[in-house]
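In the numbering used here, the protein residues as written are 42 to 125. What follows is a single structure, written as structure tokens, with notes after it.
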């Protein structure tokens with residue numbers, strides 16, 4: 042759960058809400074399309090976060106003593122092999 046960086050999921054949610062709002066305004070809103078877009082956006086964001094976590098660690102960008110939120114691979118919560 043930590044590796045998915047839940048705080049960043051808002052970055053996936055907001056564009057879908059804005060797009061849905063525009064669709065409602067123009068009378069073109071479709072609930073199923075909005076729901077599918079939201080689910081896809083969230084999974085893309087989670088996947089991006091996981092890949093970023095792994096490759097930042099492999100490149101040496103994330104170390105145990107880094108400042109900021111804990112990263113799953115750098116802190117040893119998930120091994121490189123498990124993340125791949």
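Note that CB positions come from ideal geometry on N, CA and C, so glycine has one too.
The beta-carbon separation of residue 53 and residue 83, rounded to 5 Å, stays under the 8 Å limit for a contact. Contact check for residue 43 and residue 118: beta-carbon distance about 6 Å, within the 8 Å limit, so the pair qualifies.
Relative to the Cα of residue 97, the nearest Cα in the group 79, 81, 116, 85 belongs to 116.
Judged by DSSP secondary structure, residue 89 falls within the alpha helix (DSSP H) whose first and last residues are 72 to 99.
Taken atom to atom, the span from the alpha-carbon of residue 75 to that of residue 61 is near 6 Å. Inclusion of residue 57 and residue 79 in the CB contact set at 8 Å is warranted, their separation being smaller than that value. Between residue 120 and residue 87, the CB-CB gap reaches or exceeds 8 Å.
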